[in-house]
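Note that full-length UniProt numbering numbers the sequence shown so that position 46 is 46, with each residue one more than the last.
Beta carbons: idealized from backbone N, C-alpha and C, even for Gly.
Every value quoted in this text rests on a predicted model; they were computed, and no experiment measured them.
Encoded as structure tokens, the structure appears first; notes follow it.
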Amino acid sequence: MSTYKCISNFGQGAANALVNNPLTYCLEQTLDSEFMHGSIAETIGGANGKHCQAFMAQYCANDWNEVCEHASKNRSTLYPNNLQKCGTGSDVECKDLTAGEILIQNTATRKYLVEMGGLCNIKYEPFDPTVAASPLVAFWEGGCTTQGDGGCTPVYAVDPKRIDNDPVMNKILAKPIIAWSLLVNIYNTAKRKNKLNELKGTRIYRFFMSTPFQNYIKQMSLIPCILSQSKCGCN
């Protein structure tokens with residue numbers, strides 16, 4: 001019997017080792033973790049690393065568990081959301097958000113995404129390129145140099161039967177600025193597809209019908225008319 005390792009299985013042992021679990025990089029950024037993982041931990045580790053933000057977003061979108069709950073309580077405001085469009089933190093939603101709130105926002109953008117349009121491509125990279133068979137993390141990338149929105153046009157939606165028991169959405173509704181544009185996107189998607197009434201009776205529907213949110217929607221609807229200086233019912 002051959003003792004050679006099949007190339008398709010090469011590195012699996014290292015990838016499954018506890019020391020190489022991405023959670024050991026992402027939950028804490030301390031001297032201990034940097035000693036454990038080497039200099040690469042300073043680049044990708046902690047709540048501020050782009051790879052950690054991407055990994056945690058997908059991990060928590062799949063299952064919001066006690067690990068995600070613990071990470072969502074991180075009160076640090078030292079670092080921006082490195083997954084947020086091209087400005088890496090310039091968007092109003094990123095200002096003064098804690099690392100835990102950034103996790104909630106990023107998780108929501110993965111969990112409620114139903115379609116990605118525009119000039120946008122998904123890119124996969126190894127979480128830790130120094131570890132064989134390290135899990136892949138995904139990034140959406142668009143035309144950042146010429147388009148402020150990164151060239152990506154996400155479409156978000158929620159399941160009306162489950163949304164009231166969704167811990168991620170409940171955290172967002174408790175502080176809507178965490179993911180304001182995502183909430184607007186969900187509203188516009190539901191309205192465009194004539195599915196807004198399906199949300200009746202849910203907490204998110206009550207938020208959509210609130211006076212502050214409806215005033216915001218009305219103001220946003222005036223912008224195209226003002227820019228074009230047209231007479232299209234903007235009075």
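Residue i - partner residues in DSSP beta bridges
i           : result
residue 138 : 124
residue 253 : Only positions 1 to 235 of the chain appear in this structure, which leaves residue 253 out of reach.
residue 113 : 156
Residue nearest to residue i in terms of C-alpha spacing, selected from the options
i           : options            : result
residue 73  : 201, 25, 54 and 97 : 97
residue 161 : 189, 205 and 124   : 205
residue 62  : 24, 219 and 106    : 106
residue 46  : 58, 28 and 59      : 28
Close beta carbons around residue i, own chain, < 7 angstroms, minus the five adjacent residues each side
i           : result
residue 203 : 164 and 173
residue 186 : 112, 156, 157 and 158
Residues near residue i in its chain [Cβ-Cβ closer than 6 angstroms; skip 5 each side]
i           : result
residue 151 : 118, 119, 120, 142 and 143
residue 153 : 117 and 118
residue 79  : 48
residue 127 : 22, 51, 55, 134, 135 and 137
residue 178 : 101, 104, 105 and 172
Same chain, Cβ closer than 8 angstroms to residue i, five either side skipped, listed in chain order
i           : result
residue 216 : 184
residue 75  : 98, 99 and 100
residue 77  : 96, 97, 98 and 99
| message | Check whether the segment 122-133 and the segment 95-110 touch, using three or more Cβ-Cβ pairs below 8 angstroms as the test. | response | no
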